[in-house]
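To keep things clear, I will list the structure first and then write my remarks on it.
In my numbering, the protein residues as written are 51 to 149.
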């Protein structure tokens, strides 16, 4: 399983529009065959900061997601809403170590 944490710092004046745009991404991403979970969390310590927490079945699912039209559409719109570069971490779950 692949887990992605994507931190987004959002322009507070465009926050409502950002949330509408990202809602479309979340709904479409959750419908993908390789998606396990796709959630947007708001940071309680950092103003205007959100964390997207994604879980994918495998690397192939991540590749398919990154190539999807809904993800590419969000990537094209994201600079309008973000006040800093997107920060992300890619984690791989080692299932044999977690048993």
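The C-beta atom is built at its ideal place from N, Cα and C for all residues, glycine as well.
Own chain residues within Cβ distance below 6 Å of residue i, not counting five before or after
{"i": "residue 133", "result": "59 and 61"}
{"i": "residue 93", "result": "99"}
C-beta contact flag for residue i and residue j at 9 Å
{"i": "residue 131", "j": "residue 64", "result": "yes"}
{"i": "residue 120", "j": "residue 78", "result": "yes"}
{"i": "residue 53", "j": "residue 140", "result": "yes"}
Own chain, CB closer than 8 Å to residue i, minus 5 neighbours either side, in chain order
{"i": "residue 51", "result": "86, 105, 106, 107, 108, 142, 143 and 145"}
{"i": "residue 138", "result": "54, 55, 56 and 57"}
{"i": "residue 124", "result": "71, 72, 74 and 75"}
Exposure label - residue i; buried when at least 16 CB within 10 Å
{"i": "residue 103", "result": "exposed"}
{"i": "residue 150", "result": "An answer regarding residue 150 cannot be provided, because it is not within the stretch 51 to 149 covered by the chain."}
Residue from the options with nearest C-alpha to residue i
{"i": "residue 67", "options": "97, 117 and 128", "result": "128"}
{"i": "residue 126", "options": "57, 75 and 139", "result": "75"}
{"i": "residue 110", "options": "78, 83 and 139", "result": "83"}
{"i": "residue 69", "options": "138, 112, 96 and 101", "result": "101"}
Proximity test, residue i beta-carbon vs the ligand ATP heavy atom, cut-off 8 Å
{"i": "residue 60", "result": "The model on display carries no ligand, and the ligand ATP is accordingly not part of it."}
Residues of its chain near residue i, where Cβ-Cβ distance is below 7 Å and the 5 sequence neighbours each way are ignored
{"i": "residue 80", "result": "88"}
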